[in-house]
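Residue numbers (the numbering used here): 3 to 486.
Have a look at the structure below before the remarks.
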Amino acid sequence: MNRKPNLILIMCDQLRYDVLGCYGSEFVKTPNIDRLARMGVVFDQAYSQTPVCVPARHGLISGLNPFEIGLLKNEGLSRKIEAPLPELIRQQGYHTCAVGKMHFHPARRHYGFNRMLLSEEVPSHFDDDEYLQFLRAQGYGHVLEPHGKRSELYYVPQISELPEHLHTSAWTADTTCRVIRQNRNRPFFLFASFIKPHPPFDPCVPYDTMYAPDQVPPPKRREHERTSDDAWIEVMNDYKVNGIDSLSREDELKMRAYYYGCVSQMDKQLGKILDTLESCGLIDDTLIVFTADHGEMLGDHYSYGKRTYYEMSAKVPLIVSWPRALPQGERRDQFALLQDIYATFISAAGGEVPAASSGVNLLPAAGWPEQPTREKIFAEIGRGRLFKTMLRWDRYKYIYHANGGKENLFDLLEDPDEFNDISAQYPELCRSCREQLEAHYRAYGLEEALNSDGLVYYEEAEHVPRGFLDQSPKWPSTVIEEKE
Numbered sequence: 003m004n005r006k007p008n009l010i011l012i013m014c015d016q017l018r019y020d021v022l023g024c025y026g027s028e029f030v031k032t033p034n035i036d037r038l039a040r041m042g043v044v045f046d047q048a049y050s051q052t053p054v055c056v057p058a059r060h061g062l063i064s065g066l067n068p069f070e071i072g073l074l075k076n077e078g079l080s081r082k083i084e085a086p087l088p089e090l091i092r093q094q095g096y097h098t099c100a101v102g103k104m105h106f107h108p109a110r111r112h113y114g115f116n117r118m119l120l121s122e123e124v125p126s127h128f129d130d131d132e133y134l135q136f137l138r139a140q141g142y143g144h145v146l147e148p149h150g151k152r153s154e155l156y157y158v159p160q161i162s163e164l165p166e167h168l169h170t171s172a173w174t175a176d177t178t179c180r181v182i183r184q185n186r187n188r189p190f191f192l193f194a195s196f197i198k199p200h201p202p203f204d205p206c207v208p209y210d211t212m213y214a215p216d217q218v219p220p221p222k223r224r225e226h227e228r229t230s231d232d233a234w235i236e237v238m239n240d241y242k243v244n245g246i247d248s249l250s251r252e253d254e255l256k257m258r259a260y261y262y263g264c265v266s267q268m269d270k271q272l273g274k275i276l277d278t279l280e281s282c283g284l285i286d287d288t289l290i291v292f293t294a295d296h297g298e299m300l301g302d303h304y305s306y307g308k309r310t311y312y313e314m315s316a317k318v319p320l321i322v323s324w325p326r327a328l329p330q331g332e333r334r335d336q337f338a339l340l341q342d343i344y345a346t347f348i349s350a351a352g353g354e355v356p357a358a359s360s361g362v363n364l365l366p367a368a369g370w371p372e373q374p375t376r377e378k379i380f381a382e383i384g385r386g387r388l389f390k391t392m393l394r395w396d397r398y399k400y401i402y403h404a405n406g407g408k409e410n411l412f413d414l415l416e417d418p419d420e421f422n423d424i425s426a427q428y429p430e431l432c433r434s435c436r437e438q439l440e441a442h443y444r445a446y447g448l449e450e451a452l453n454s455d456g457l458v459y460y461e462e463a464e465h466v467p468r469g470f471l472d473q474s475p476k477w478p479s480t481v482i483e484e485k486e
């Protein structure tokens, strides 16, 4: 086929890499994601630099470190994205379309999409959300929380109020398939973004019974991890599960079972997209990138949610498939970040990657002659006392916490589950990590990360539990003056 390749970015929200068969899971059923992996190249060391929804997605769209556009947490965008991915691809003659959850602010910020068909996790308004309009037309407008009940039920396992064919995962896939068929005769760029398995964990029947809780693998953790150096973990445990000690073993296993059900339900829908590409004769000449914005702790290390730099939160699945141009069924161990997807799609479309982008074109790593160079990953999240940063290189991971200046060092070759903090054994290595991080942030001018002496530091503050209704952390007023 003598034309530019079609481009499809498929993103899932809060998807752990290790629940996929192609990443070693023997329990969760993901036949279609595994099918895509056989058609392409699997990256085993891909990370979300700021592992929470808004920064991760905008880092990908902008091709920049999230902090360069003012994002260190879920917050409003404070700086303009000068060269958004959809706009640069549109300029190469592509029809560009967004389907599903974008998490842009405002929701209709197009960034160069010719068309946006939205199903947002928390819609700002009925008129901004095609999925809500679809539900009303199908007679389900009375379902007020179609993505699951939130607030104090946020992490309570629940069965969807919707039949499978009306669920957001089905709508996202069906809409994506329709757009593919409508544009089969011209090059297109599609961003298909699934809300699930983001909580609430609300699989439809029969996915609620696909995994028996008493057969689900339990969380990976050790007793000493009930208390954590990471202030975010205490905050998220309060908000999501009302404190880690409030959960019974049965609660936790059912939660995991329903999460897995959401994953398998989404996987089935992804299969529709692959089938449509095959039936339209487009599969060989379509570059598909499959990934997630971040993972989910699911009780590992006594933690729920994301926002940590444990592997289950920060590491993401990344599959790159383009049968006409790239190897199939291979794996790569190079480090990758979400903004690398930006450079990859622009390169495949025939465009020029902006010099300001921090993204690395993944196509050489996947099989093209030139090899990329990303030897280390610098990552950061949070503000004030909740600021922390990670340096990932070779076999090691170093994490620094502004709250108390605590630090962790893990040898992922010897300790892949990250149970053994060896920072006390290697003070000089930790000092070198701090110096590298400081130099990195001074080069970018990230004041949030720094003080006059080095990395930002606050006297450790005692955490005050507030329960699930308050996602914002609370600290003793006598100790903290800084915002969050």
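Ideal Cβ positions, reconstructed from N, Cα and C, are used throughout, including at glycine.
With distances taken between CB atoms, is the gap from PRO205 to GLU252 smaller than 8 Å? no
Looking at THR174: is its Cβ nearer than 8 Å to the Cβ of GLY102? yes
Give me the residue from MET268, TYR398, LEU457, LEU79 with the minimum Cα distance to GLU313. TYR398
Going by alpha carbons, who is nearest to PHE389 out of ASP419, ALA451, SER360, PRO208? ALA451
Tell me whether ASP423 sits in a helix, a strand or coil according to DSSP, three-state version. coil
DSSP three-state assignment for ILE10, whether helix, strand or coil: strand
Across which residues does DSSP place SER195 in a beta bridge pair? MET13, GLY102
Cα separation between LEU255 and SER349? 44 Å
Within 8 Å, strictly: CB atoms of PRO202 and TYR241: no
Identify, in the order they occur along the chain, each residue of the same chain with its Cβ nearer than 6 Å to the Cβ of LEU9, setting aside the five sequence neighbours on each side. PHE191, LEU289, PHE347
Would you list the one or two residues that DSSP bridges to ASN410? ILE401
Three-state secondary structure (DSSP) at GLY23? helix
Express the C-alpha separation of LEU431 and ILE182 in angstroms, rounding to a whole number. 51 Å
Alpha-carbon to alpha-carbon, LYS274 and CYS179: 7 Å
For LEU457, which residues does DSSP report across the bridge? LEU452
Could you name the residues that DSSP lists as bridge partners for SER323? ILE290
Of the residues GLU147, MET257, GLU236, PRO199, which one's Cα is nearest the Cα of PRO220? MET257
Out of HIS144, ARG152, GLN271, state which residue places its alpha-carbon closest to the alpha-carbon of ALA172. GLN271
How would you write the range of the alpha helix (DSSP H) that ALA441 sits in, first residue to last? 429 to 446
Enumerate in chain order the residues of its own chain whose CB-to-CB distance from PRO7 is below 7 Å, with the five nearest sequence positions on each side excluded. ASP287, THR288, LEU289, TRP324, ALA350
Kindly identify the DSSP beta-bridge partner or partners of ALA351. ALA351 is not bridged to any residue.
Taking LEU74 as the reference, give the member of ILE83, THR52, ASP176 with the closest Cα. THR52
Please determine if the segment 78 to 93 and the segment 375 to 394 are in contact, where contact requires at least 3 C-beta pairs separated by less than 8 Å. no
Measure the C-alpha to C-alpha separation of ILE235 and LEU414 and round it to an integer number of angstroms. 21 Å
Residues that DSSP places opposite LYS378 in a beta bridge: TRP395
Span of the beta strand (DSSP E), counted from its first residue to its last, around ARG117: 117 to 120
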